[in-house]
Amino acid sequence: MKILTSPADLQAQAAAWKKAGETIILVPTMGYLHEGHLSLIRLARRNGDRVVVSIFVNPTQFGPTEDLDKYPRDFQRDAELCRQEGVDALFHPSPGEMYAPDFSCWVQEESLSQTLCGAFRPIHFRGVCTVCLKLFHLSLADGAVFGKKDAQQLLVIQRMVRDLNVPIRIIPAPLVREEDGLARSSRNKYLSAQERVRALALSRGLFRAQEAFQAGERRPEALTGLVRQELEAVQAEKIDYVELMDRDTLRPAGSAAGHTLLAVAAYIGKTRLIDNVFLDDTPACP
Ligand code: AMP
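Numbering (my numbering), first residue to last: 19 to 304.
Right under this line is the structure:
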């Protein structure tokens, strides 16, 4: 496995692979890898000849009061995991290599990124879109894998690729959970043992809503209410949102009829956690 830190080196390696007729799939991450990331890497493997994983805690997607400095990092362990997964190149640049001191060009998605996390993290998706477009250019990737754990991010990136005609295929990957339901996340490391138990309220609420949906419930406030009930039962420190959104617009859905996303962001202790389920109201085949 090649470990590359310079953007020029990644682009040169990618160009050599392309010249040899090989396809490249990129898996962008912020590191501190877990089973969720590994499932993305395995999906990438099945979709192309070469797999590039990037590990970059991207400063431009963190707000001034967010956890950029304390975001968990363990590059040696991440590299070992990538080696075991047969990753071809691990790209691990420093912020200085990714952003010139007078960097001044940004990609701003102006619709899907306004609600949900975007309403609470105003510069977040501008940073995400900008760094992803840079990574797409550097890796010359034919495809890039994004997890449904960050459902809004996936939809925003798909929109950017569509609107800016970026020649890359976005490959969505299923959300990976712990056995007890907790969505896997690098930020779970922040949770104390007690907080980890309380954090199960997010997935428990979403599963209850999913069951109610399967039993025919379509009213947004009934579905979101089930999630809120669980969060209130564990006295979540703060609920940023529990929303049922139309999946195409990420605006509040009038009903769970159609394709919707039930998404939650809440603080357990000082840790902000997100989770979601996609609700699909497709009529059963006759
Ligand atoms: P991160 O390192 O948290 O920025 O995540 C990098 C990629 O891994 C993103 O596409 C995430 O959506 C994806 N990812 C993170 N956690 C999970 C999970 N539990 N299941 C599926 N994908 C995930």
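All C-beta atoms, glycine included, are put in the ideal place defined by N, C-alpha and C.
As the structure is a computational prediction, the values presented were derived from the model and not from experiment.
How should residue i be labelled, buried or exposed, when 16 other C-beta atoms within 10 angstroms of its C-beta is the threshold for buried?
| i | result |
| --- | --- |
| residue 98 | exposed |
| residue 166 | buried |
| residue 297 | buried |
| residue 307 | Outside the shown range of the chain, which is 19 to 304, sits residue 307, and nothing can be said about it. |
| residue 124 | exposed |
| residue 106 | buried |
| residue 126 | exposed |
| residue 198 | exposed |
| residue 237 | exposed |
| residue 66 | buried |
| residue 182 | exposed |
| residue 129 | exposed |
| residue 88 | exposed |
| residue 207 | exposed |
| residue 154 | buried |
| residue 121 | exposed |
| residue 64 | exposed |
| residue 72 | buried |
Ignore the nearest five residues each way along the sequence and tell me which others in residue i's own chain have a CB closer than 8 Å to its CB.
| i | result |
| --- | --- |
| residue 242 | 227, 260, 261, 262 and 280 |
| residue 36 | 42 and 158 |
| residue 251 | 219 |
| residue 31 | 20, 22 and 107 |
| residue 225 | 199 and 295 |
| residue 254 | 216, 219, 284, 285 and 286 |
| residue 84 | 139 |
When every heavy atom of ligand 3 is checked, does at least one fall within less than 7 Å of the C-beta of residue i?
| i | result |
| --- | --- |
| residue 167 | With respect to ligand 3, the structure shown offers nothing to examine, as its ligands consist of ligand 1. |
If I'm right that residue i touches residue j with Cβ under 8 Å, what's the distance once you round it to whole angstroms?
| i | j | result |
| --- | --- | --- |
| residue 75 | residue 86 | 7 Å |
| residue 174 | residue 131 | 5 Å |
| residue 149 | residue 54 | Wrong, their Cβ atoms sit about 19 Å apart, outside the cutoff. |
| residue 57 | residue 240 | No, residue 57 and residue 240 are not in contact; Cβ-Cβ is about 32 Å, not under 8 Å. |
| residue 268 | residue 205 | Actually they are not in contact, since the Cβ atoms of residue 268 and residue 205 sit about 22 Å apart, beyond 8 Å. |
| residue 300 | residue 209 | Rounded, the Cβ-Cβ distance is 36 Å, inconsistent with contact. |
| residue 79 | residue 146 | 5 Å |
Among the residues of its own chain, which have a CB less than 7 Å from the CB of residue i, if the five just before and after it don't count?
| i | result |
| --- | --- |
| residue 222 | 199 and 248 |
| residue 278 | 262, 263, 264, 265, 271 and 297 |
Excluding the 5 residues flanking residue i on each side, which residues of the same chain have their C-beta closer than 6 Å to its C-beta?
| i | result |
| --- | --- |
| residue 62 | 43, 45, 69 and 163 |
| residue 144 | 124 and 126 |
Are the stretch 246–261 and the stretch 280–299 in contact at 8 Å, needing three or more beta carbon pairs?
-> yes
Is the stretch 132–141 close to the stretch 47–59, with three or more CB pairs under 8 Å?
-> The stretch 132–141 and the stretch 47–59 do not touch, with fewer than 3 CB-CB distances between them shorter than 8 Å.
Three or more C-beta pairs closer than 8 Å, one from the stretch 245–256 and one from the stretch 112–131: is that the case here?
-> Too few Cβ pairs lie closer than 8 Å, so no.
Decide if the stretch 85–101 is in contact with the stretch 213–230; the criterion is three or more beta carbon pairs, one per stretch, under 8 Å apart.
-> no
Are three or more beta carbon pairs between the stretch 154–169 and the stretch 29–48 nearer than 8 Å?
-> yes
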